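**Student:** Numbering (this note's numbering), first residue to last: 4 to 238. All residues carry an ideal CB built from backbone N, CA and C; glycine is no exception. Values in this document were obtained by computation on a predicted structure and should not be read as measured data.
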Amino acid sequence: MNDHGNELSSWVKPAAPWDERVPVPTPWEDLTAAVDLTFRHKAGIVAGHGTAEASIGQDIAVHAAEQGLPVLLYTTRPPADVPPLLAVDQKAHPTSDHVKDRIAHPSRGRKPQLVVIEDYQRLRPRERYIPDQYDPIDDPDNHPLSDAEELLWTIREILIDVPLLLTTTITQKPDTSRPLDKWLRPSHPAVVLTDICKPVLLLHRTNQHTVEARLEGGPYGPAGLLTTLNWSADA
4 MNDHGNELSS WVKPAAPWDE RVPVPTPWED LTAAVDLTFR HKAGIVAGHG
54 TAEASIGQDI AVHAAEQGLP VLLYTTRPPA DVPPLLAVDQ KAHPTSDHVK
104 DRIAHPSRGR KPQLVVIEDY QRLRPRERYI PDQYDPIDDP DNHPLSDAEE
154 LLWTIREILI DVPLLLTTTI TQKPDTSRPL DKWLRPSHPA VVLTDICKPV
204 LLLHRTNQHT VEARLEGGPY GPAGLLTTLN WSADA
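#1: Put L187 into one of helix, strand or coil per three-state DSSP.
#2: Inspect the beta-carbon positions of A55 and A236 and report whether they are closer than 9 Å.
#3: DSSP three-state call for H207: helix, strand or coil?
#4: Taking P30 and L40 to be in contact with their CB atoms under 8 Å, please state how far apart those CB atoms are, rounded to whole angstroms.
#5: Which value, in whole angstroms, describes the spacing of the CA atoms of K176 and L205?
#6: Where do the N-terminal and C-terminal ends of the alpha helix (DSSP H) with A37 fall, by residue?
#7: Given a cut-off of 9 Å on the beta-carbon distance, is the pair G71 and L89 in contact?
#8: Beta-carbon within less than 6 Å of L167's beta-carbon, same chain only, minus the 5 sequence neighbours each way: which residues are those?
#9: Let me know the secondary structure DSSP gives R105 once reduced to three states.
#10: For the alpha helix (DSSP H) that L196 lies in, which residues bound it at each end?
#11: Would you check if there are 3 or more beta carbon pairs closer than 8 Å linking the region 152-169 to the region 177-185?
#12: Give me the Cα-Cα distance between L229 and F42, rounded to the nearest whole angstrom.
#13: Under the three-state reduction of DSSP, which class applies to G53: helix, strand or coil?
#14: Quick check on P222: buried or exposed, where buried means 16 or more other Cβ atoms within 10 Å of its Cβ?
#15: Return helix, strand or coil for L155, following the three-state DSSP convention.
#16: Measuring alpha carbon to alpha carbon, tell me which of D198, I63, E121, E219 ends up nearest D178.
#17: Buried or exposed: Q211, going by 16 or more other Cβ atoms within 10 Å of its Cβ?
#18: Express the C-alpha separation of A57 and A151 in angstroms, rounding to a whole number.
#19: Excluding five sequence neighbours on each side, which residues of the same chain lie with their C-beta closer than 8 Å to the C-beta of D62?
#20: Under 6 Å Cβ to Cβ from R208, same chain only, skipping five residues before and after it: list those, please.
#21: By DSSP's criteria, I173 is part of a beta bridge. Which residues make up the other side?
#22: Applying the criterion that 16 or more other CB atoms from any shown protein chain within 10 Å of the CB defines a buried residue, is R217 buried or exposed?
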C-alpha cells in the first residue's frame, strides 16, 4: 500500500457518544478512512454489477447500526437480518423532500446518523408547482433538464446534517486506471456522482484480501488517487 493508503488506515473507533467529526465505521478500516463519512458529507461508491462489492451500501448500513448508530437505508432488497437501529425504506423512487422528511421525523424518535441510498439513480426530482395556464412553448427561459442534470439537482437538494452515502453499479469491468468520465458516458450515474460527492470510490477486487480503489473528487481532484484497501472477501 502507498503512503496515502497507510494514512487511510489510521482510523480509530471513538468512544460513545458518537463524534460527528469521526468517520462512520464500515466493516473494513481502510474503507472507513477512504469514504470518510462525516458531518454533512456526501460520498459515493461505484462497484461492478453482480460483484460482492455491489452490496457495500447495505453492508455499511448494517455494520454501522450494529455499532450503535441509528441508520436509514433506502433499498429495494432489505437485508435478511435488520438490526434494531436500522430503519429500512423500500420506496421505489424517493425524492429529496422524502429523504429530508424522514430525517426531520425519524421513526421511533431516533434521528439517523447515516443515510444510505442504494442504486441512488432511483431518486426522482421533488414535485414542483406548475401553474394551470403555464405553457413551456411560450416560455423563452424554458430549458428542460437532462436526466443526468435532474439527478444531480435532486442530490443537491438533499440538504441534511448527517452523512449521506450513495451507491451505484456498472456493467463494465471497473477501469481504475482512468477517470470515470474517460470511459463511461457523461450522463452515466457513476459520472454524475463525481460532480457532487467527495470522494467517489470506484472499486475493483484484485484478490481475496484486497480491493483496488480509485478515489475521485474532493481533495483528489479529476486526476484521482489509486490506492489499495485491505478488504477480506471472507469477512
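**Tutor:** So, from the data block:
#1: L187: coil per DSSP, three-state reduction.
#2: A236 is positioned such that its CB atom lies closer than 9 Å to that of A55.
#3: It is a strand residue.
#4: About 13 Å separates the Cβ atoms of P30 and L40, ruling out a contact at the 8 Å cut-off.
#5: For K176 and L205, the distance between alpha carbons rounds to 11 Å.
#6: DSSP places A37 inside the alpha helix (DSSP H), whose first and last residues are 32-38.
#7: No.
#8: Contacts found: K45, V118.
#9: R105: helix per DSSP, three-state reduction.
#10: Counting along the chain, the unbroken alpha helix (DSSP H) around L196 starts and ends at 192-196.
#11: No, the region 152-169 is not in contact with the region 177-185.
#12: If you take the alpha carbons of L229 and F42, they lie about 25 Å apart.
#13: If DSSP states are grouped into helix, strand and coil, G53 belongs with coil.
#14: With fewer than 16 other Cβ atoms within 10 Å, it is exposed.
#15: In this structure, L155 counts as helix in the three-state DSSP scheme.
#16: Proximity to D178 across D198, I63, E121, E219 peaks at E219, based on C-alpha coordinates.
#17: Its Cβ having fewer than 16 others within 10 Å, Q211 is exposed.
#18: In this structure, the alpha-carbon of A151 lies about 21 Å from that of A57.
#19: The beta carbon of D62 sits closer than 8 Å to the beta carbons of T29, P30 from its chain, once the five residues preceding and following it are set aside; these are given in chain order.
#20: In its chain, beyond the 5 residues on either side, V214 have a beta carbon closer than 6 Å to the beta carbon of R208.
#21: Here I173 is bridged, per DSSP, to G51.
#22: R217 comes out buried.
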